[in-house]
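K.L.:
Here it is, the structure in full.
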Amino acid sequence: MYHRIIIAGHLGRDPEMRYTPDGTPVTTFTMASSRRWTGQNGEQQEETIWFRISAFGRLAETCNQYLSKGRAVLVEGRLRPDGSGNPRIWVGNDGIARANFEVVAQTVRFLGGRGEETTEEAPQAAPVYEEEGEEEEIPF
């Protein structure tokens with residue numbers, strides 16, 4: 086079986102990078118994705134889902150270098166459940182049980198420019214970085 090998840094949202098805190106025992110870099114960060122709508126009574130409502138994102142290798146190094154709290158990103162990856170196949174459950178400082186979904190990132194796109202805020206309704210495309218080199222000649 087195969088699954089993929091795509092999430093657009095904002096970082097809830099600065100990324101943290103560490104290394105596995107074999108030296109592989111791992112960067113983790115939290116990300117909130119919200120949706121807003123007007124209820125039947127005309128009141129604005131909002132639902133926010135929190136995700137814990139893990140990136141490995143070169144992607145981890147890039148995320149640690151360029152991401153910061155509040156930055157808009159689009160993450161594509163796979164869900165990583167707890168041992169029983171469910172989201173990770175934890176208890177907050179206020180004693181209320183909460184859950185978050187863990188995602189292993191395969192692609193992270195930075196939305197907007199450095200330090201820019203973007204709106205969730207109209208995300209901007211991530212800049213494309215290409216390696217410098219000779220351009221191919223097109224034969225027409």
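Heads up: take any position in the sequence shown, counting from 1, add 85, and you land on the working numbering.
We treat Cβ as the ideally placed atom computed from N, Cα and C, and that holds for glycine.
(1) Evaluate E202 with the Cβ neighbour count: other Cβ atoms within 10 Å of its Cβ, from every protein chain shown; 16 or more gives buried, anything less gives exposed.
(2) Between the beta-carbon of V160 and the beta-carbon of A93, is there less than 9 angstroms?
(3) Please list, in chain order, all residues of the same chain as T192 whose beta carbon is under 6 angstroms from its beta carbon, the five residues on each side excluded.
(4) What does the alpha-carbon distance come out to for the pair R89 and T112?
(5) Would you say F114 and I138 are within 9 angstroms of each other, going by their C-beta atoms?
(6) Residues bridged to G162 by DSSP?
(7) For P172, which residues of its own chain have a beta-carbon under 8 angstroms away from its beta-carbon, when the five flanking residues on both sides are left out?
(8) Assuming R194 and V158 form a contact by the criterion Cβ under 8 angstroms, report the distance between their Cβ atoms to the nearest whole angstrom.
(9) R156: buried (16+ other C-beta within 10 angstroms of its C-beta) or exposed?
(10) Are the Cβ atoms of R98 and K154 separated by less than 9 angstroms?
P.N.:
So, to answer that:
(1) Bear in mind that the predicted position of E202 carries a pLDDT of just 49, short of 50, making it too unreliable to give a figure here.
(2) yes
(3) E161
(4) 20 angstroms
(5) yes
(6) I90, A190
(7) P166, A184, N185, F186, E187
(8) Indeed, because the Cβ distance is near 7 angstroms, the residues count as touching under 8 angstroms.
(9) buried
(10) yes
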